[in-house]
Amino acid sequence: MRQATIYIDSKALQYNLNRVKQLAPHSQIVSMVKANAYGHGVQDCLAALNATDAFGVACLEEALEIRRLGYTQPITLIEGVFTEDEMEDVIQQKLECVVHRHEQVEWLIQNKEAYNALGLKVWVKLNSGMNRLGFKSNEIIAVIHQLKSLNFNCVLTMHFANADVDHPLNEQQIQQFLDVKNACKPILASCCNSAAIYKYPNLHFDYVRPGIMLYGATPFADKDVNELDLKPVMSFEAEIIALNQIHAGESVGYGSTFTATNSMQIAIVSIGYGDGYPRAYVKPNYVAIDKQLTPVIGRVSMDMIAIDTTKLQVKVGTKVELWGKTRLVDDVANANGTIGYELLCRLSNRPQRQRI
Ligand SMILES: *Cc1c(COP(=O)(O)O)cnc(C)c1O
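Counting from 1, position 62 in the sequence shown corresponds to residue 62 in the UniProt record's numbering; the numbering is continuous, with no gaps.
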């Protein structure tokens, strides 16, 4: 059988959740499990994350899946409901809504009795400068006052556009958030994603919302997971299915983009863009065999890649780590002009999945 396997390390996931607890000991943790737990498989990840205080997802369908699997923690719909009819499931399944536009506030108010009777909080989203979702600071105070007057328990929330870097917008976003928080006090608050959990220990407030750090990938361009003391959760592996000796002047793969300058041994590995391995190429890319890095050569095909094994002891069947504990997903992403988040989320359903 063709070998292309995604291993999910539950212990690593628990380790990373504990890292969040160490960093934000006074906050509740809303573990972000949207997009199938960042491509890791929500079912496996929920089991390992059961000690979290709550979950965060992007839509009703993702929340319903968590309830179907039997988890009873609070779940926040981070974009709220998309249509009014979703409010029925919100109530039935005890889900917490973000409100980022007036219509959602109306729908919520129409379900006020049931929503509040369940003790659900409403997350009111401030658009502090990312200009994706939320009320501007000049309108949000009225929204919060209205909701509070109707006995809703509000959480003021926002999202950083640049938590991963130093950027002048960060201070502006923080200032707006603090101003609104002050104008609406007492009010619960939440503004930290993974990068902000590390960067702004004084802004953890009531809830932190870690995503990528739980999965052991970095939110920062200039800090790797070892520096952050996180453990990669996913190991993506395939195996060698053929070995070729080639000579100087011979080329490899589609487009013949790689030409050997010396005699060399190349190995063909059972992975390709059909599995979600990236084909884009910006910088030299590597895989790991027995914790040793070796270059990917030529173009990535749908089902195969070629690697240089001249200096390695390998045979057909040798395991190859595409990303995992040695070859970090963030480094593969960097070599392909993207971020770890994207590579993790866009794996196809062809690889086998296994929880370890
Ligand atoms: C996805 C998301 C997060 C988590 O972000 P990470 O960078 O993965 O930690 C937090 N908050 C909101 C609103 C999100 O959409």
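Note that CB positions come from ideal geometry on N, CA and C, so glycine has one too. As the structure is a computational prediction, the values presented were derived from the model and not from experiment.
For residue i, the first and last residue of its enclosing alpha helix (DSSP H)
i	result
Tyr281	Here Tyr281 belongs to no alpha helix (DSSP H), and DSSP marks it neither H nor E.
Val180	168 to 183
Ala238	Where Ala238 is concerned, there is no enclosing alpha helix (DSSP H), although the beta strand (DSSP E) it sits in stretches over 234 to 246.
Asn18	10 to 23
Ser301	Neither: Ser301 is in no alpha helix (DSSP H) and is coded neither H nor E.
Asn116	112 to 117
Asn226	225 to 228
Leu46	42 to 48
Ile141	137 to 149
Gln92	87 to 92
Lys199	194 to 199
Ala333	329 to 335
Ala63	60 to 68
Leu343	340 to 345
Rounded separation between residue i and residue j - CA only
i	j	result
Gln292	Pro278	20 Å
Gly119	Asn153	8 Å
Leu49	Arg355	13 Å
Leu312	Glu342	31 Å
Thr309	Ile339	27 Å
Tyr200	Cys192	8 Å
Arg68	Ala37	16 Å
Asn138	Val180	9 Å
His61	Tyr254	Before going further, note that residue 61 is Glu rather than His in the sequence given. Each residue's alpha carbon lies about 40 Å from the other.
Asn334	Ala221	9 Å
Leu214	Ile246	43 Å
Gln73	Tyr281	42 Å
Pro168	Ala117	42 Å
Pro295	Val320	12 Å
Ile241	Leu95	48 Å
Lys112	Lys148	11 Å
Ile297	Thr261	13 Å
Ala51	Ala142	36 Å
Ser18	Ile29	In the sequence on display, residue 18 carries Asn and not Ser. Going from the Cα of Asn18 to the Cα of Ile29 covers about 10 Å.
Gln352	Ala4	6 Å
Arg101	Glu88	19 Å
Lys136	Thr157	12 Å
Arg209	Ser31	6 Å
Glu84	Cys59	13 Å
Ile6	Tyr273	15 Å
Val233	Val20	15 Å
Asn162	Asn244	46 Å
Gly1	Ala288	It should be pointed out that residue 1 corresponds to Met in this sequence rather than to Gly. Spanning the two alpha carbons is a distance of roughly 22 Å.
Lys283	Asn336	7 Å
Tyr15	Ser256	44 Å
Pro186	Ala24	21 Å
Val105	Ala189	18 Å
Leu150	Ile197	32 Å
Ala35	Val165	24 Å
Pair within 8 Å by beta-carbon distance, residue i and residue j
i	j	result
Asp44	Ile8	yes
Val269	Glu250	no
Lys12	Gly324	Here the sequence assigns Ala to residue 12, which means Lys is not the residue at that position. Not a contact, by the Cβ cut-off of 8 Å.
Asn80	Val99	Residue 80 is actually Gly in this sequence, not Asn. Yes. Within cutoff.
Leu322	Glu237	yes
Ala183	Pro219	no
Leu344	His40	yes
Ile109	Val124	no
Ile91	Tyr71	no
Phe82	Ile66	no
Arg350	Asp290	no
Ile75	Ala63	yes
Ala248	Ser263	yes
Residue range of the beta strand (DSSP E) that includes residue i
i	result
Met32	28 to 32
Met130	It is not in any beta strand (DSSP E) - Met130 carries neither H nor E in the DSSP assignment.
Ala163	No beta strand (DSSP E) holds Ala163; DSSP gives it neither H nor E.
residue 363	Outside the shown range of the chain (1 to 356) lies residue 363, about which nothing can therefore be said.
Ile305	305 to 308
Ala189	188 to 190
Phe220	Careful: Phe220 lies outside any beta strand (DSSP E) and carries neither H nor E.
Ile266	264 to 269
Ala54	54 to 57
Thr157	153 to 157
Glu96	96 to 99
residue 357	Because residue 357 is not part of the residues shown, which for the chain are 1 to 356, the question remains open.
Leu77	75 to 77
Lys124	Note on identity: in this sequence residue 124 is Val, with Lys being the wrong assignment. Its beta strand (DSSP E) spans residues 121 to 125.
C-beta neighbour in chain D for residue i, strict 8 Å
i	result
Pro351	Protein chains in the displayed structure number just one, and chain D is not present.
At a cut of 8 Å, does the segment 321 to 338 reach the segment 214 to 229 through at least three beta carbon pairs? Enough Cβ pairs lie closer than 8 Å, so yes.
Pairing CB atoms from the segment 296 to 307 with CB atoms from the segment 258 to 274, are three or more of them under 8 Å? The answer is yes - the segment 258 to 274 touches the segment 296 to 307, with three or more Cβ pairs under 8 Å.
I'd like to know if the segment 200 to 207 and the segment 308 to 322 are in contact, where contact means that at least 3 CB-CB pairs between them fall below 8 Å. No: the two stretches stay apart, fewer than three of their Cβ pairs being nearer than 8 Å.
Would you check if there are 3 or more beta carbon pairs closer than 8 Å linking the segment 172 to 187 to the segment 121 to 140? Judged by Cβ distances under 8 Å, the segment 172 to 187 makes contact with the segment 121 to 140, as three or more pairs qualify.
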